[in-house]
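Chains as they are written, first to last, in the numbering used here: chain A, 77 to 231; chain B, 86 to 991.
Reviewing the structure listed below.
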Amino acid sequence: MISLNDEVMLLRQVPYFGRIDACKLKLLAFTSSRVCYEPGQTIFHQGDASEAAYVVLRGTADIVATAPGGEMIIGEASAGTMIGEMCLVSDAPRVSTVRATSVLELLRIPRDSFLRLIADNPRMSFEFSRALAETIRDKAAGLARQLARRPERIV
Amino acid sequence: MEKNLLRYIWRHTRTQQIWILAIVLLSMVPYFAAFDLPKQIINGPIQGQGFESPDARAPFMAFDFTIPLTGWDLSFDGFALDRMSMLMGLSAVFLLLVIVNGLFKFYINTYKGRLGERLLRRIRYELVDRVLRFPPSTMKQVNGAEISTMVKDEVEPFGGFTGDAFVQPALLGGQASAALFFIFLQNVWLGMIAAVMVAIQVGIIPKMRRRLIDLGRQRQITARHLAGKVGEIVEGIDTIHAYDTTNFERADIAHRLGQIYRIRFELYQWKFIVKFFNNFLSQLTPFLFYSIGGYFALRGSLDVGQLVAVINAYKDLPGPLKELIDWDQARQDVQVKYEQVLEQFELPHLIEADRHGLSAATPTFGLGPLAATNITVADGAGAKVIEGVSVKIERGETVAVIDNMGSGGEALAEAFGRLVWPLSGKVTLGENDLLELPESVTGRAITYVSASSYFFHGSLKDNLLYGLKHAPTSTVSYSGRDAANRRWEIQEAQLAGNATFDLNADWIDRRSTSIMRGFSDDLKQSVLRALDAVQLTSDVMELALHSHVDPEDNPVITERIVKMRHALREELQREGLGHIVAHFDPTAYNPEATVAENLLFAATKRSTPHEIEVAETPYVHEVLRRAGLSALLFDMGLTIAENLVEIFADLPPEHPFFQQLDRLSAEDILIYQQLLQKRKTRAGQTLTEDERRSIVRLSLHYIEPRYRFGVLTPQIMDQVVAARDLFYENLPADLRDRVERYDPHRYMAAATLRENVLFGKPSHRVPDAVANIRRIAARIMDEMGMRDSLMGLGLEFDVGSGGRRLTVTQRHKLSLARALVRRSDYYIFNRALPGLDRRVQEEIVRDVIDFLREQDNNPSVIWVLSNTSLSRLFHRVIVFDRGVVVEDGTFEALDKESGIFKSLVA
Numbered sequence: 077m078i079s080l081n082d083e084v085m086l087l088r089q090v091p092y093f094g095r096i097d098a099c100k101l102k103l104l105a106f107t108s109s110r111v112c113y114e115p116g117q118t119i120f121h122q123g124d125a126s127e128a129a130y131v132v133l134r135g136t137a138d139i140v141a142t143a144p145g146g147e148m149i150i151g152e153a154s155a156g157t158m159i160g161e162m163c164l165v166s167d168a169p170r171v172s173t174v175r176a177t178s179v180l181e182l183l184r185i186p187r188d189s190f191l192r193l194i195a196d197n198p199r200m201s202f203e204f205s206r207a208l209a210e211t212i213r214d215k216a217a218g219l220a221r222q223l224a225r226r227p228e229r230i231v
Numbered sequence: 086m087e088k089n090l091l092r093y094i095w096r097h098t099r100t101q102q103i104w105i106l107a108i109v110l111l112s113m114v115p116y117f118a119a120f121d122l123p124k125q126i127i128n129g130p131i132q133g134q135g136f137e138s139p140d141a142r143a144p145f146m147a148f149d150f151t152i153p154l155t156g157w158d159l160s161f162d163g164f165a166l167d168r169m170s171m172l173m174g175l176s177a178v179f180l181l182l183v184i185v186n187g188l189f190k191f192y193i194n195t196y197k198g199r200l201g202e203r204l205l206r207r208i209r210y211e212l213v214d215r216v217l218r219f220p221p222s223t224m225k226q227v228n229g230a231e232i233s234t235m236v237k238d239e240v241e242p243f244g245g246f247t248g249d250a251f252v253q254p255a256l257l258g259g260q261a262s263a264a265l266f267f268i269f270l271q272n273v274w275l276g277m278i279a280a281v282m283v284a285i286q287v288g289i290i291p292k293m294r295r296r297l298i299d300l301g302r303q304r305q306i307t308a309r310h311l312a313g314k315v316g317e318i319v320e321g322i323d324t325i326h327a328y329d330t331t332n333f334e335r336a337d338i339a340h341r342l343g344q345i346y347r348i349r350f351e352l353y354q355w356k357f358i359v360k361f362f363n364n365f366l367s368q369l370t371p372f373l374f375y376s377i378g379g380y381f382a383l384r385g386s387l388d389v390g391q392l393v394a395v396i397n398a399y400k401d402l403p404g405p406l407k408e409l410i411d412w413d414q415a416r417q418d419v420q421v422k423y424e425q426v427l428e429q430f431e432l433p434h435l436i437e438a439d440r441h442g443l444s445a446a447t448p449t450f451g452l453g454p455l456a457a458t459n460i461t462v463a464d465g466a467g468a469k470v471i472e473g474v475s476v477k478i479e480r481g482e483t484v485a486v487i488d489n490m491g492s493g494g495e496a497l498a499e500a501f502g503r504l505v506w507p508l509s510g511k512v513t514l515g516e517n518d519l520l521e522l523p524e525s526v527t528g529r530a531i532t533y534v535s536a537s538s539y540f541f542h543g544s545l546k547d548n549l550l551y552g553l554k555h556a557p558t559s560t561v562s563y564s565g566r567d568a569a570n571r572r573w574e575i576q577e578a579q580l581a582g583n584a585t586f587d588l589n590a591d592w593i594d595r596r597s598t599s600i601m602r603g604f605s606d607d608l609k610q611s612v613l614r615a616l617d618a619v620q621l622t623s624d625v626m627e628l629a630l631h632s633h634v635d636p637e638d639n640p641v642i643t644e645r646i647v648k649m650r651h652a653l654r655e656e657l658q659r660e661g662l663g664h665i666v667a668h669f670d671p672t673a674y675n676p677e678a679t680v681a682e683n684l685l686f687a688a689t690k691r692s693t694p695h696e697i698e699v700a701e702t703p704y705v706h707e708v709l710r711r712a713g714l715s716a717l718l719f720d721m722g723l724t725i726a727e728n729l730v731e732i733f734a735d736l737p738p739e740h741p742f743f744q745q746l747d748r749l750s751a752e753d754i755l756i757y758q759q760l761l762q763k764r765k766t767r768a769g770q771t772l773t774e775d776e777r778r779s780i781v782r783l784s785l786h787y788i789e790p791r792y793r794f795g796v797l798t799p800q801i802m803d804q805v806v807a808a809r810d811l812f813y814e815n816l817p818a819d820l821r822d823r824v825e826r827y828d829p830h831r832y833m834a835a836a837t838l839r840e841n842v843l844f845g846k847p848s849h850r851v852p853d854a855v856a857n858i859r860r861i862a863a864r865i866m867d868e869m870g871m872r873d874s875l876m877g878l879g880l881e882f883d884v885g886s887g888g889r890r891l892t893v894t895q896r897h898k899l900s901l902a903r904a905l906v907r908r909s910d911y912y913i914f915n916r917a918l919p920g921l922d923r924r925v926q927e928e929i930v931r932d933v934i935d936f937l938r939e940q941d942n943n944p945s946v947i948w949v950l951s952n953t954s955l956s957r958l959f960h961r962v963i964v965f966d967r968g969v970v971v972e973d974g975t976f977e978a979l980d981k982e983s984g985i986f987k988s989l990v991a
């Protein structure tokens, strides 16, 4: 069984939290809950209200976008990946669906805890913004690559 | 009611008063006889009058009496007795008279007491009857607490006075004049003295007491206002706290109490001055007797026996006299009180008594139309809210009433509901004026609901069925003791002018429920469907699941709950969801529960909210020690403390993250931090027992999947499970009633119904565990046909005073449901659902209309809407603007016109 300290170790590998104090991460982990999903279970659906972000502790999941044309896997999450963090900040509905592809263990970080922690730690806020910017850039680049590969799937 | 209390009493107790007067007069005979005896005993056998020679005899019980007018002579020569026998004989007669007098007193007092209580009952009933008949305009001004203090406290002295009203002056007057007359008989001059002193007392004392009465009146009114104020504080407590005005209220109360104190103090001063003066006057007379009478006795013109008899007789004069004066005081006092009370209850425009006649007849549905003709209604301040409005509602219409400016719609609804009486014009139901029809017609044909509808103390069910309790629909047949009891109740009620309706009868009118298909479950269906329509079903179910049920009272339900527990467990397994609940297993550690819960392995209860939890009692620590767990849990607690301190020490005390800790506050964290430091810096220094326990306590409330500090070892878990039996071995008596060991095959009375069904803990690690359990449990409940019995349990929930144990929203919904349970021709909903969100409002309005349209009596629905967009759910829309109807037509028609309606709805 993974203990809180192991979770902290894992959180440190997440780009957003790499430079944040261990004791703050421990607080973040403590205020979060650990949840398990079976393969095939959906963590959240595209269009759902977003209440929490997740960090994958163990297992894998698909990130799926639904367009009128059908579903498309736009990414995969594995240990150390953070899911759903953007909507947490912007208070928007989920832009994609996440589905477990193996036994999945996640750390569920509620919106309130997360925003509170950011508000308390200006440095964390900065680190988070920078990491977020990097993620968006990577994603955009990835999407461009995907688009080049399979243009016919996108309507 | 009579203006004068004495006259009121006379009117209602005339025959009894005459009877008791007769008894009192009769009692005068032995009373008077007892006066003469001491003189006879002293002068005769003791001093030897008539026994001059040793063997002289005197007649005993001889009398000679001539009946006036007839000339008949009654005489008895008596028995001749010697001196000693005469003494014994006369003393025996004296004793007999004492007993006879005592018996008379006993009878008279009992009779008076009963008389008083009956009259009190009559007055109270009459006052409450009047409250029930107050016109609506008056009800807006009355203060409930003041009315109740009037009915309960202020009339209280009337009861005591009633028995004395006529008997007392007769009895005391008789006694006083008998005493006076006797003094006169003995000696005219001494009699004159006594008479003059009596005249002074009777003349002066009541005059001195006039101020007392005035003060009494002030006291009554200030005390009444105090009661009103206290009632206001209780009712307005939320507002008082919200605006931090507790000290203003304290000042107000202190001021009032000060006023009462001043009045009371002055009252005491006067009372004792009067008392002093009265006592002085009464003592002055014997002074005159001793000095003047003694003077005559010394001079030989008055024999000693005579003087002793006068003084003896005088002993009986001040008593009755003082009481007579007191009686007069009491009379004035109650008269003033009576006037004060009457002032509040003697109102013009009381609702006629015949409007409230009891009618058990099946209501004739199908009355109509309901029409307002040219009515004008004023608000509390007298301003006209609607003026010259004429509206006619036909049977079967659904009408939305909306306001642009003002509150004309509300006023119209209130006029339809008889909550206000129009200043001019009239409201008619069919051919008749609404205000002239008996309430047994209007109160059944029309159902009125507003957001301020009241709930009575009792269960949800009592309140839901309240609208059906018009008249007893059954007669209870009593037998034996109960029958005698009931006869007595009826007889006494009649003697006091009270109603004799039987409260134990079935008052629920089953012939006017909204669902009426002729089945026996019409009432139940009406209630359940009404709850559905107002979306209260899940709330009621929640109340049921949250309730504690005693298996002895409900053996069937509780047994089925245990069955449901097993069914739920099996079903979860079958759906592959077995892991979402950690069930309570007597032989295994439950990882989702705390260490303490695992040790106790029991449902626990607190008899009072302040009692400490079982897990916090010293006995738990004792068990831990015996089980060899103390040291283990102490070490575990240290690690938990270290982790918690590490995580929380830096946070400011008011930080919201502290809410994550169920039982710990910022101060607790600080204490643990100091404890840890103490251990570190002064190694070897032992902690106190309390400190050790506070560390152990952290372990006791620890749940591994929740905290994830990785401190709960399999060894500890096994030892905790093993310690369960140990816990129960020497359980102290005070804890024995508070813990009920978990048994998968038994219902736990100490746990809620929900806990009994689940009999475990939902997993912390499965995010939708609770939702899944609910879904499956609901399905099982329906499969087992348990829904109705659980709803039944939920309906037993006590709503508290004024329904305060429910939320405001629940109260509004309940008020609506109460209306839907009963069948009426017209349903008037006056902004009945404020504060609900739009979507819910729309669903409820639609469902309510649909539900009512199912009735076969073609009822009309009139709904004053706050949410104007809902008017599209109605056939007809009436728009008010500044107290007049500006638009009236079908929704479609009004929607096409470009009037006020269009601008309101757009």
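Heads up, the beta-carbon is just placed ideally off N, CA and C, and yes, glycines get one too.
None of the values given here were measured: they were computed from a predicted structure.
Query: Extent of the continuous alpha helix (DSSP H) to which I460(B) belongs; Result: Run containing I460(B): none in the alpha helix (DSSP H); it sits in the beta strand (DSSP E), L455 to A463.
Query: Chain B contact for R187(A) (CB, 8 Å cutoff); Result: no
Query: Under 8 Å between C-beta atoms of P169(A) and A125(A); Result: yes
Query: 8 Å Cβ cutoff met for Y827(B) and A700(B); Result: no
Query: For W506(B), three-class secondary structure by DSSP; Result: coil
Query: Through-space distance from D97(A) to D735(B), alpha-carbon basis; Result: 12 Å
Query: C-alpha distance - R62(A) paired with I185(A), whole-angstrom precision; Result: Since the first and last residues shown for chain A are 77 and 231, residue 62(A) lies out of range.
Query: Cβ pair Q286(B), L172(B) closer than 8 Å; Result: no
Query: Simplified DSSP assignment, three categories, for G404(B); Result: helix
Query: CB contact flag (T994(B), R335(B), <8 Å); Result: Beyond the ends of chain B as shown, which are 86 and 991, falls residue 994(B); an answer cannot be given.
Query: Touch test, the segment 860-873 of chain B against the segment 896-914 of chain B, Cβ-Cβ under 8 Å, three pairs minimum; Result: no
Query: Helix, strand or coil at A153(A) [DSSP, three-state]; Result: strand
Query: Local conformation of R961(B) per DSSP, three classes; Result: strand
Query: Chain B contact for V111(A) (CB, 8 Å cutoff); Result: yes
Query: Closest by C-alpha distance to T392(B), when choosing among R924(B), L270(B), R602(B) and K88(B); Result: A quick correction: the sequence has Leu, not Thr, at residue 392(B). Out of R924(B), L270(B), R602(B) and K88(B), L270(B) has the C-alpha closest to the C-alpha of L392(B).
Query: Minimum Cβ-Cβ distance from F93(A) to chain B less than 8 Å; Result: no
Query: Neighbourhood of R218(B) by C-beta distance below 6 Å, restricted to the same chain and skipping five residues each side; Result: L435 and I436
Query: Simplified DSSP assignment, three categories, for T118(A); Result: strand
Query: Classification of E231(B) by the beta-carbon crowding that lies within 10 angstroms, buried from 16 upward; Result: buried
Query: Cβ-Cβ distance between D973(B) and M490(B) below 8 Å; Result: no
Query: CB contact check: V231(A) to chain B, cutoff 8 Å; Result: Note that V231(A) has pLDDT 43, beneath the 50 cutoff, so the model's placement of it is unreliable and no number is given.
Query: Segment contact, 8 Å Cβ cut-off, at least three pairs: the segment 603-615 of chain B with the segment 826-842 of chain B; Result: no
Query: Cα-Cα separation between E939(B) and T532(B), rounded to whole angstroms; Result: 17 Å
Query: Positions along the segment 789-814 of chain B whose CB lies within less than 9 Å of some CB in chain A; Result: E789, P790, R791, Y792, R793, F794, G795 and V796
Query: Chain A contact residues for P847(B), given Cβ-Cβ distances below 9 Å; Result: Chain A residues near P847(B): none, gap ~12 Å exceeds 9 Å.
Query: Residue burial classification, N194(B) (beta-carbon count within 10 angstroms, cutoff 16); Result: exposed
Query: Under 7 Å by beta carbon: chain A residues contacting R850(B); Result: R110, V111 and C112
Query: Uninterrupted alpha helix (DSSP H) stretches inside the segment 182-227 of chain A (no shorter than 4 residues); Result: 187-196 and 198-225
Query: Beta-carbon spacing of R839(B), L630(B) below 8 Å; Result: yes
Query: P790(B) vs H830(B) beta-carbon contact at 8 Å; Result: no
Query: Beta carbon proximity, C99(A) to chain B, threshold 8 Å; Result: yes
Query: Neighbour-count burial assignment, K360(B), 16 or more Cβ in a 10 Å radius; Result: exposed
Query: Chain-ordered neighbours of R192(A) on chain B, where CB pairs are closer than 9 Å; Result: H740, P741 and F742
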